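Residue numbers (the numbering used here): 3 to 222.
Glycine residues also receive a C-beta, built at the ideal position from the N, C-alpha and C atoms.
Note that this is a predicted model, so its numbers are computed, not measured.
The structure appears right after this line, and notes come after that.
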DNA sequence: ATCCCGAGGG
DNA sequence: CCCTCTGGAT
């Protein structure tokens, strides 16, 4: 199947079955989303949602977070991955927001990436979710699912290469939705360790399934 | 043992 | 390119 048709089928399927996808991270404003996304690195969204209410209550805006100690922030995030690094990142991020951006969340990749703890992936999530800009944040799910579905070539071995492959074929108005589609598909169907190919509707054009599918129905 | 919406540093 | 940070779920 041609690559263009893969993208067409991918978009058609999710447009029909999941027309309004959105992040599963809980947040009430761009600042809270930024905090949640920084925390979400190598951690499940469910865990972030468990600890974020107390964190947001104690640090409701960049000003209070900037004035906090990393040690205190640590006590709120000790159950997420890399709590020491992330506590420092959050305090540094809030300080940069206050000192360089007047406490507002910047709206460009370049400015966002000057914030401690914010790399290309996190910056693109903010731009996509907050500003609805056509940026493709490539995380572990997007990376894996894109390869399996044949939306990115196997030669795309870095997140940036996968990002470019996707951006070259997804119409701009679908990019923010496609980001969530790839994540949700990866999280609930196309799992890293044991993908649920038996309930997947996309096996017809999946390169991964093409390799692992049984040769005969019913064989053990 | 492997994975989860990675980023910073060497 | 590599390595480290690091807790909880499966």
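Alpha helix (DSSP H) segment containing residue i, residue limits
| i | result |
| --- | --- |
| residue 130 | 122-133 |
| residue 141 | Note, residue 141: premise wrong, no alpha helix (DSSP H); not H, not E. |
| residue 15 | 5-19 |
| residue 98 | 85-103 |
| residue 115 | It is not in any alpha helix (DSSP H) - residue 115 carries neither H nor E in the DSSP assignment. |
| residue 52 | 47-60 |
| residue 66 | 64-69 |
| residue 205 | Neither: residue 205 is in no alpha helix (DSSP H) and is coded neither H nor E. |
| residue 189 | 177-190 |
Under 8 Å between C-beta atoms of residue i and residue j
| i | j | result |
| --- | --- | --- |
| residue 51 | residue 28 | yes |
| residue 114 | residue 98 | no |
| residue 40 | residue 124 | yes |
| residue 178 | residue 148 | no |
| residue 225 | residue 23 | Only positions 3 to 222 of the chain appear in the structure, and residue 225 is not among them; the question remains open. |
| residue 204 | residue 15 | yes |
Residues of its chain near residue i, where Cβ-Cβ distance is below 6 Å and the 5 sequence neighbours each way are ignored
| i | result |
| --- | --- |
| residue 19 | none |
| residue 47 | 26, 27 |
| residue 13 | 176 |
| residue 127 | 39, 139 |
Sequence-distant residues of its chain with Cβ nearer than 8 Å to residue i (five each side left out)
| i | result |
| --- | --- |
| residue 103 | 113 |
Rounded straight-line distance, which links the Cα of residue j to that of residue i
| i | j | result |
| --- | --- | --- |
| residue 53 | residue 43 | 14 Å |
| residue 70 | residue 33 | 16 Å |
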